[in-house]
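These notes concern the structure reproduced below.
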Amino acid sequence: MTEFLIARGHDGPARIGSYSMGEMAISTPVLVGPSHADSLTLHYAALNRDELLKDTPMIVAIPGISYSRLDRLRDYDSILLPSLIADEILGLTAGSLLLKQQMSFLKEQQIESSGAIVRVPASLDEGSFVHVLQEFSHMGVRAAAFRFDGDLGPSDYRMVTLRSQLPRNWFALAIGRIEPYSVPLMHYLGFDVFDASRAFEAAAQGIRLWRTDAELVADDETARHCACSACESQPDLNILSNSKLIEILTNHNISTYRMVLSESIHAMQSGRLRWLVESLTHATPSLASFLRRVDRGLYSFLEEFTATAGSSTMPLIGPESYNSPAIKRFREKLVSRFTPPTHKRIVLLLPCSARKPYSDSKSHKRFARTIESAIGLARHGIAETILTSPLGVIPRELERLHPVAQYDIPVTGDWDAEETAIAVRALTTHLEKFEESVVVVAHVSGGYLDIVKQGEDNIRQALIYTSSDGSATSGASLDLLDETLRDMLELVLDGEYRRTDLEDTLRATADFQFGSGAGELLVPEDASLRGKLYRTVICQVDKEQVCAYNAVSGMLSLTLAGARRIAGLGQNWVRFEGKEVKGGSIFAVGVKEADTGIRPGDEVIVIGQDERVVAVGRSEMSGIEMCEFEKGRAVTVRHKLGVTT
Amino acid sequence: MNGITDGLKDIITKASLAARGSSLSRIRRRNLSEPAAKWVVQSRIGSEVGYALSIVLATSGCSHARSEKGGCTMCSYILDGAGQNVPTEDLIQQFQNALTSLKGLMAPISVKVYTSGSFLDPVEVPPEARAEILKAIDEDDRVRQVVLESRPEYMTDETASLVREILGDREIEIGMGLESADDGVRFLCINKGFSLSEFETALKTAASHGIGTRAYVLVKPPFLTERDALLDALQTIIAAAELGATTISVNPVNVQKHTLVQRMWSRGHYRPPWLWTVTEILKESRDQVASDVNVVCDPVAAGKPRGTHNCGKCDDAFVKAIRQFSLDQSTSHFEVLDCGCKSQWSHVLEHEDFAQLVHSLRFHIP
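Quick note, the sequences are listed as chains L and W, same order.
Just so we're aligned, residue 12 is where the first sequence starts under the working numbering, counting upward by one.
Just so we're aligned, residue 14 is where the second sequence starts under the working numbering, counting upward by one.
Set out below in structure tokens:
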């Protein structure tokens with residue numbers, strides 16, 4: 012029996028897990044190589060052609076044309092099903108036929124299906140792939156291998172597209188040519204095994220592979236310095252015999268792969284894999300265009316697995332970040348879920364700050380002081396809105412939410428055309444949600460100012476610029492802001508104001524987490540709010556706590572009472588098989604159905620058999636994963652219904 | 014063959030036809046009284062070394078290639094033909110013109126009559142032309158060996174006895190393209206259109222008239238990994254010898270225009286066999302096949318990107334060794350061959366089976 016278990020944790024489709032072959036359990040992601048790759052833990056062989064390692068499970072490829080002696084397979088080996096090399100020339104129909112052939116092979120040869128690995132044809136349409144995968148799933152197959160030629164061109168992209176169709180609990184192998192710099196990308200895209208054979212090919216060609224490039228070790232050139240144990244053992248590579256050189260290059264190349272993989276795993280565990288992938292796009296233009304293509308074409312695949320919470324800094328360095336799933340999702344959710352409170356009469360546009368949350372920065376503290384001294388309580392009639400790249404616009408209420416509180420960008424004041432366009436679009440879309448009578452005060456300069464100017468034609472409201480001399484924080488600018496706001500006091504902010512920052516924040520957060528309308532249900536007019544926005548705010552209704560706002564995550568956590576209030580919205584629900592929840596987790600096996608909109612990190616409402624809310628907690632996986640997985644923790648329970656006796 | 018394989022076979026047939034495209038209708042008009050090609054080389058004849066005259070008659074070409082079956086996936090020899098039916102007189106004239114090359118040569122001589130198809134196909138070479146040509150050979154006493162070439166379906170009892178009758182007691186061999194002993198490989202990857210048992214029948218028919226069979230074995234049809242190709246050719250040689258072939262001619266694929274193989278090659282989905290693979294096949298098969306069966310190889314475009322090749326540095330030495338071996342059958346010529354590219358080849362053997370990635374070397378060299 013072969014089994015793949017996915018462990019806790021997500022960073023995009025990337026995961027860690029364990030692949031059990033007989034007695035041997037291999038931690039994934041893992042590198043695979045030929046049987047003589049001593050430093051690797053997973054090996055492959057071709058049946059009846061390569062020696063099988065004694066007593067060690069292997070991935071055994073069945074040759075495509077004539078195979079015989081299947082009796083040499085061992086129970087614990089995984090079987091890579093037969094296909095045809097170069098099948099892409101034959102087109103889509105051939106691809107489906109080859110898959111069917113693998114299925115009949117599996118049936119006829121009576122191979123244990125849990126150990127079978129589908130060899131995905133290079134040419135295949137997604138529809139028939141999904142269909143055949145279902146059949147394979149019914150048979151108990153749980154693994155597929157995708158072949159990459161290493162060019163990161165259309166063929167490799169097609170493979171990734173097909174990968175995105177794989178049931179979420181399947182084991183995914185990336186075989187063929189995977190350069191070291193592609194390993195984090197492949198990991199990010201949800202592959203669990205990476206073929207490191209390029210290490211051998213390169214060595215045979217006299218090439219030393221490095222993290223982001225390659226070096227031809229030639230007689231007449233001084234080789235680069237390398238401190239790896241293989242290279243250190245032989246300082247002068249040029250004097251070696253061919254076989255000795257190949258041996259050293261192989262060991263060096265494999266250790267490059269191992270290093271990059273370990274880097275990738277660590278990045279995933281600290282929530283920085285996307286950053287690593289983005290940073291590696293500078294290795295080659297093809298990698299950069301590949302990632303852009305993936306972001307465009309496979310957004311929903313990437314997004315499904317991208318956590319909505321996280322605490323580590325998220326560096327967004329360049330254009331490859333503009334449409335990363337966490338960023339794009341935030342922009343889209345802001346459009347669909349944020350509704351400005353009706354008592355806001357002014358939209359004050361402010362520049363972002365390097366320090367997060369913005370409120371903690373020097374500049375924003377100055378803005379706050381100026382606003383308060385100018386108009387006092389009427390400041391609660393202002394919708395403070397921060398302009399930034401590449402998130403677009405951030406209402407003050409959401410400044411502590413992921414990834415707003417975590418992103419970090421290089422700030423020079425110069426905006427490129429793409430990020431300007433993103434911000435202009437975000438700003439004008441955002442302002443459409445405000446009434447026409449609202450006044451927009453743009454307290455911004457430099458690139459921020461350009462954005463407002465570019466958007467001017469599409470802004471219906473009156474627009475006032477208050478930054479006088481190219482700096483929003485200069486004394487003169489702040490004076491102008493002060494003066495403008497005082498004028499507004501009579502013109503626009505002429506009503507009665509009371510403190511509303513707590514309810515504004517909690518409602519906006521509730522809407523963002525649970526959909527429009529959640530804010531009013533969780534924080535109704537008669538709610539009692541206590542606490543500090545920079546720490547915790549407790550919300551009670553009729554003396555019963557319904558939710559709490561946590562400044563560290565910028566999110567609300569629900570109580571059972573709170574969950575009951577918003578259950579009717581039909582968001583973030585998980586349907587649980589049992590009547591009551593025991594213990595601190597709900598496992599995927601116990602989940603009957605779940606909202607497909609659930610993302611790892613979301614606050615979820617657990618509904619029991621009798622339609623009652625039985626628990627609330629934090630999701631550990633996507634809603635679809637909860638349904639598809641047979642194992643693994645789906646929800647970490649925060650509150651649950653008392654055990655009834 | 015089951016339904017799935019039939020489906021694949023149809024797709025490959027169509028792909029083969031598509032690759033051929035309109036090339037057949039664009040065959041260059043030629044002087045029909047000149048052969049398409051002729052050449053004389055030193056050759057092994059029985060246990061002696063003499064001269065071999067090879068003649069390629071310009072005919073209408075291979076019936077299989079002309080048909081709606083699309084022809085073989087790697088072959089466009091038909092484009093060397095006349096592109097039209099060639100009258101009997103012209104065919105005879107072509108042969109007479111070629112025979113002049115034998116002037117002044119000593120016995121033993123071998124005459125090999127090729128067409129871009131089947132010499133025994135009555136449509137391609139009318140029976141009168143066939144008879145006249147064979148008679149012309151018979152008139153030359155220096156000729157000890159005659160090699161003809163045909164698809165097996167034309168090797169009938171009647172034709173065999175006619176051939177034997179005209180050529181008397183000379184050594185006769187009929188060259189037939191077995192290509193692979195594996196029906197799957199032959200039908201699917203090559204689109205050859207006949208089975209092993211049909212080949213065997215033809216071989217036995219020939220043998221019953223004392224006509225030997227020169228079995229052509231293809232090295233690396235498309236859709237095979239390098240090691241698939243190596244093992245398939247080796248098994249085919251052994252099988253052909255066991256069936257009773259008298260000579261085995263080993264033919265590494267060369268990339269010919271207007272073929273499926275060329276389409277694949279130009280997209281990086283096909284690489285002609287390594288010379289390492291070819292020498293390995295020759296060495297191994299020489300050890301395993303009865304010594305009275307000659308194993309010969311005259312690789313086309315060897316050392317070039319379109320032919321069997323290694324890294325470029327060692328190719329000449331390999332080709333020379335292969336030619337020497339074909340003359341004297343000694344595997345010692347291979348023992349001295351070595352090159353740094355051997356480990357690349359070993360990697361390809363091992364990795365292609367696992368990854369099913371064509372290891373063409375167009376990329377990945379900094």
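Glycine included, C-beta positions come from ideal geometry on N, C-alpha and C.
Quick caveat: nothing in here was measured; it's all calculated off a predicted structure.
Coil, strand or helix - residue i by DSSP
i	result
N334 (chain L)	coil
I17 (chain L)	strand
F376 (chain W)	Confidence at F376 (chain W) is low in this model, with a pLDDT of 41, below 50, so the placement of that residue is unreliable and no value is reported for it.
P326 (chain L)	strand
L244 (chain W)	helix
G84 (chain W)	coil
A56 (chain L)	strand
C239 (chain L)	coil
M32 (chain L)	strand
M566 (chain L)	strand
Terminal residues of the beta strand (DSSP E) in which residue i lies
i	result
A120 (chain W)	Looking at the DSSP string, A120 (chain W) is not in any beta strand (DSSP E), and its letter there is neither H nor E.
P362 (chain L)	357-362
T226 (chain W)	224-232
V54 (chain W)	50-58
H650 (chain L)	644-651
V557 (chain L)	555-561
Candidates the options, of which the one nearest residue i by Cα
i	options	result
L360 (chain L)	L:V449, L:R390, L:E408, L:A453	L:A453
L173 (chain L)	L:D162, L:I420, L:R158, L:N180	L:R158
V308 (chain W)	W:E293, W:D134, W:M277	W:E293
I224 (chain W)	W:D245, W:E184, W:T238, W:P234	W:E184
F367 (chain W)	L:R629, L:Q113, L:V71	L:V71
A529 (chain L)	L:D553, L:I549, L:V557, L:E507	L:V557
I257 (chain L)	L:T267, L:A215, L:A238	L:A215
G197 (chain W)	L:R307, L:G75, L:L474, L:I405	L:G75
N262 (chain L)	L:S252, L:A241, L:H354, L:Q280	L:A241
E141 (chain W)	W:L112, W:R155, W:V99	W:V99
T484 (chain L)	L:L533, L:H413, L:I462, L:H375	L:H375
A238 (chain L)	L:N180, L:I259, L:L251, L:K554	L:I259
Proximal chain W residues relative to residue i, where beta-carbon distance stays under 7 Å
i	result
Q112 (chain L)	I17
Y55 (chain L)	F367
A6 (chain L)	For residue 6 (chain L) there is no data in the structure shown, the boundaries of chain L being 12 and 656.
A72 (chain L)	D366, F367
R158 (chain L)	A368, Q369, L370
V186 (chain L)	The amino acid occupying residue 186 (chain L) in the given sequence is Ile; Val does not appear at that position. Neighbours of I186 (chain L) on chain W, chain order: F367, A368.
Within chain L, the residues that residue i reaches when beta carbons sit closer than 7 Å
i	result
G353 (chain W)	N253
F236 (chain W)	L95, I96, A97
M87 (chain W)	Residues of chain L passing the Cβ test: none, with the nearest at roughly 13 Å.
A49 (chain W)	Neighbours of A49 (chain W) on chain L: none; closest Cβ ~30 Å, over 7 Å.
R319 (chain W)	Per Cβ cutoff of 7 Å: no residues; R319 (chain W) is ~17 Å from chain L at best.
Segment limits, alpha helix (DSSP H) that includes residue i
i	result
I382 (chain L)	373-386
P140 (chain W)	140-151
V534 (chain L)	It is not in any alpha helix (DSSP H) - V534 (chain L) carries neither H nor E in the DSSP assignment.
R436 (chain L)	428-442
Interface residues of chain L facing residue i [CB-CB closer than 8 Å]
i	result
C330 (chain W)	Before going on, a small fix: residue 330 (chain W) reads as Ala here, not Cys. Going along chain L, no residue has its Cβ under 8 Å from A330 (chain W), so there is no contact; the nearest lies around 16 Å.
Y283 (chain W)	A97
M119 (chain W)	By Cβ distance, chain L contributes nothing, its closest Cβ being about 46 Å from M119 (chain W), past 8 Å.
Interface residues of chain W facing residue i [CB-CB closer than 9 Å]
i	result
E212 (chain L)	Q357, H360, V361, H364, H372, H377
P45 (chain L)	H360, E363, H364, F367
Partners in chain L for residue i, counting only beta-carbon separations shorter than 9 Å
i	result
I251 (chain W)	Simply none; closest approach about 14 Å.
A144 (chain W)	Ordered by position in chain L, no residue passes the 9 Å Cβ test against A144 (chain W), which lies about 42 Å from the chain.
Within chain W, partners of residue i - CB distance below 8 Å
i	result
L108 (chain L)	I17, G20, L21, I24
R130 (chain L)	Q369
(message) With three or more beta-carbon pairs closer than 8 Å as the criterion, would you say the stretch 209-218 of chain W touches the stretch 156-167 of chain W?
(response) Yes: at least three Cβ pairs fall under 8 Å.
(message) Taking 8 Å as the cut-off, does the stretch 611-623 of chain L touch the stretch 29-48 of chain W (at least 3 CB pairs, one atom from each stretch)?
(response) Output reads no: the stretch 611-623 of chain L does not touch the stretch 29-48 of chain W.
(request) Would you check if there are 3 or more beta carbon pairs closer than 8 Å linking the stretch 350-367 of chain L to the stretch 47-59 of chain L? (result) Short answer: they don't touch.
(message) Taking contact to mean 3 or more Cβ pairs, one atom from each stretch, closer than 8 Å, check whether the stretch 436-456 of chain L and the stretch 470-485 of chain L are in contact.
(response) Yes, they touch.
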